[in-house]
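The opening position of the sequence shown corresponds to residue 9 in full-length UniProt numbering, with each subsequent residue numbered one higher. Every residue gets a Cβ at the ideal spot worked out from N, C-alpha and C, and that includes glycine.
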Amino acid sequence: STIIAEYRDRTRRSAEQAEAARSVFPSGITHDARHLSPYPITVDQGKGSRKWDIDGNEYVDYFGGHGALLLGHCHPRVTAAVKEALDDGTQFAASTTREYRWGKAVIGMVPSVERVRFTASGTEATLLALRLARAYTGRSKLLRFTSYFHGWHDHMTNGYSSHFDGTPTAGVLPSIAADVVLVAPNDIEGAKAALAGGDIAAVIIEPTGASFGRVPIADGVLQALREATAATGTILIFDEVISGFRCSPGGAQQAYGVTPDLTTMAKIVAGGLPGGAVGGRADILERIDFEAAADKGFEKIAHPGTFNANPVSAAAGIAALDIIATSDACDRANAYAAELRERLNRLLKATGMPFAAYGTFSGFHLFLNVEKRSIDPVTFDPFSVPWKELKASPANLVDRIRIAMMINGVDLSGWPGGLASAAHTEDDMAVTMKAFEAAIARLKE
Ligand code: PLP
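Structure below.
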């Protein structure tokens, strides 16, 4: 297609780099979501809302570091804090004052967090949260909602390949599935019925709905889950890896006013560097507390991790969280995305493109309408279609859309859609709307 030809023409160095990378990395990439056909761009630089590929093309960035960059690339205060930490040393195998300040910031901002433990990633955070819940309750099962992504360890793997959907998943023991109860999105009656069995250790949910609202959450679901888990002694885990410090300084739990027992965090918590955290009730986090275990006579669960709370991530996290706590960063990103969704839907309607933009907070998603429903983008309600259609994003169509936008200077995420940051400006909005206009024309070719 002419879209691909133009892309190849603009990204010759990226093409060469991608070809070379295939002899180093499977598919030439280091994260499944970075896969793009015919090849992804290579990016070595970003600033604010923009990033540049190695051919020198500039992009308005909505991938946002997989969600880690609420403040955009290279926020000067975050960068300065990281440089200062680097000069002090990167690894002491000891407690640090930075980790203390970082932990205090998390506790100060996230309503349900009484104690916190840092991890090296979000996947590690959901793994630790699950283990804490099992140790605390003495139960083995986990209740999850279909289509939700919570990282890639055995109990959570999903999203890039659908897991626990009744078919075996390569590399994961079939016995794992026996302890994972899957319930359809928003099926609160199904969740209650499963919880009534009294053998579920934890329920995990992303409080905005799957993939930051790609499959949105219905009104009342969080409250109903809170009640049903409390009534059955089940641990409620909010996976705030994306929503934490994004929906509001206190995350989705603050925005919705529902208090989980445990919260998993990553991405923004570490200010754009690697890191994650589990926070929550002191009596649950106690399961990794040496003194509590000895005093109370329970078996402590292990939680080592060489790079837990590494001082460079801590420095970035302290700076980012302080900016978020003391500014309107979340509100600005939320307002930008709301305006983008609205303007895009008006454009989709005007051009007769059968897609719709929707989303919550600072996210936007494109409904690709693969079933060719007759929809009005401006009034589109994601609850009006089966959730599987919201997730139906054929890779070839997603890649075409992404590339059509890239040749017009905008990098979307592969949802497809993206995340707004506090660094996006009116100028970015103008570039983005022009790009959508041009991309829609090209997609119709
Ligand atoms: N949970 C959610 C909701 C996520 O979106 C992600 C990553 O995108 C994870 C967990 C896993 O986090 P990480 O990529 O840091 O392992």
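{"Check": "As assigned by DSSP and simplified to three states, the class of G258", "Outcome": "coil"}
{"Check": "Within 9 Å, strictly: CB atoms of A447 and A412", "Outcome": "yes"}
{"Check": "Cutoff 7 Å; reference P257; Cβ partners in own chain excluding five residues on either side", "Outcome": "M117, I332, A333, C338"}
{"Check": "Rounded C-alpha distance that separates A88 from S129", "Outcome": "23 Å"}
{"Check": "Check whether L135 and R125 have beta carbons under 9 Å apart", "Outcome": "no"}
{"Check": "Delimiting residues of the alpha helix (DSSP H) encompassing K112", "Outcome": "105-117"}
{"Check": "Per-residue burial, G146 [other beta carbons within 10 Å of its own, 16 or more giving buried]", "Outcome": "exposed"}
{"Check": "Outcome for R20 when other beta-carbon atoms lying within 10 angstroms are tallied against a minimum of 16", "Outcome": "exposed"}
{"Check": "Alpha-carbon to alpha-carbon, K91 and C255", "Outcome": "28 Å"}
{"Check": "Boundaries of the alpha helix (DSSP H) in which G325 is found, first to last residue", "Outcome": "319-334"}
{"Check": "Beta strand (DSSP E) runs contained entirely in the segment 229-316, provided each spans 3 or more residues", "Outcome": "243-247, 270-274, 284-288"}
{"Check": "D227, buried or exposed, once every other Cβ within 10 Å from all chains shown has been counted against 16", "Outcome": "exposed"}
{"Check": "Best match in Q231, N342, N318, V180 for proximity to G197 [C-alpha to C-alpha]", "Outcome": "Strictly speaking, residue 197 in this sequence is Glu, with Gly absent from that position. Checking every option, the nearest Cα to that of E197 belongs to Q231."}
{"Check": "Span separating the alpha-carbon of S382 from that of R152", "Outcome": "32 Å"}
{"Check": "Cα-Cα separation between H373 and I296, rounded to whole angstroms", "Outcome": "38 Å"}
{"Check": "Contact with chain D by K452, beta-carbon distance below 9 Å", "Outcome": "Among the chains of the structure shown, chain D does not appear; only one protein chain is present."}
{"Check": "Beta-carbon spacing of A41, I276 below 9 Å", "Outcome": "no"}
{"Check": "Per-residue DSSP class, three states only, for I212", "Outcome": "strand"}
{"Check": "G259: CB within 8 Å of a non-hydrogen atom of the ligand PLP", "Outcome": "no"}
{"Check": "Straight-line Cα distance separating S9 from D330", "Outcome": "47 Å"}
{"Check": "Reduced DSSP category for T127 - H, G, I as helix; E, B as strand; rest coil", "Outcome": "strand"}
{"Check": "For P224, the residue or residues it bridges with in DSSP", "Outcome": "G217"}
{"Check": "Own chain, CB closer than 8 Å to V121, minus 5 neighbours either side, in chain order", "Outcome": "V114, I115, T271, G287, G288"}
{"Check": "Straight-line Cα distance separating Q53 from S169", "Outcome": "Confidence at S169 is low in this model, with a pLDDT of 45, below 50, so the placement of that residue should be treated as unreliable; the coordinate-derived value is given next. So the alpha carbons of these two residues sit roughly 30 Å apart."}
{"Check": "Validate contact between the segment 52-68 and the segment 416-433 using beta carbons, cut 8 Å, 3 pairs", "Outcome": "yes"}
{"Check": "Residue range of the unbroken alpha helix (DSSP H) whose run includes F369", "Outcome": "Segment: none, F369 is in no alpha helix (DSSP H) and carries neither H nor E."}
{"Check": "Cα-Cα separation, G259 to W423", "Outcome": "21 Å"}
{"Check": "For E66, the first and last residue of its enclosing beta strand (DSSP E)", "Outcome": "66-69"}
{"Check": "Cutoff 6 Å; reference A141; Cβ partners in own chain excluding five residues on either side", "Outcome": "A209, A210, I243"}
{"Check": "Unbroken alpha helix (DSSP H) run spanning R349, endpoints", "Outcome": "337-359"}
{"Check": "Distance between V229 and D436 (C-alpha atoms, nearest Å)", "Outcome": "35 Å"}
{"Check": "Residues bridged to L151 (per DSSP)", "Outcome": "V189, V211"}
{"Check": "Contacts around A438, its chain only, beta-carbon distance under 6 Å, and the 5 residues preceding and following it disregarded", "Outcome": "none"}
{"Check": "Pairwise C-alpha distance: E453 and Q262", "Outcome": "45 Å"}
{"Check": "Any non-hydrogen atom of the ligand PLP within 8 Å of D40 CB", "Outcome": "no"}
{"Check": "Integer Cβ distance of T127 from A26, believed to fall under 8 Å", "Outcome": "So it is not a contact: roughly 31 Å between Cβ atoms."}
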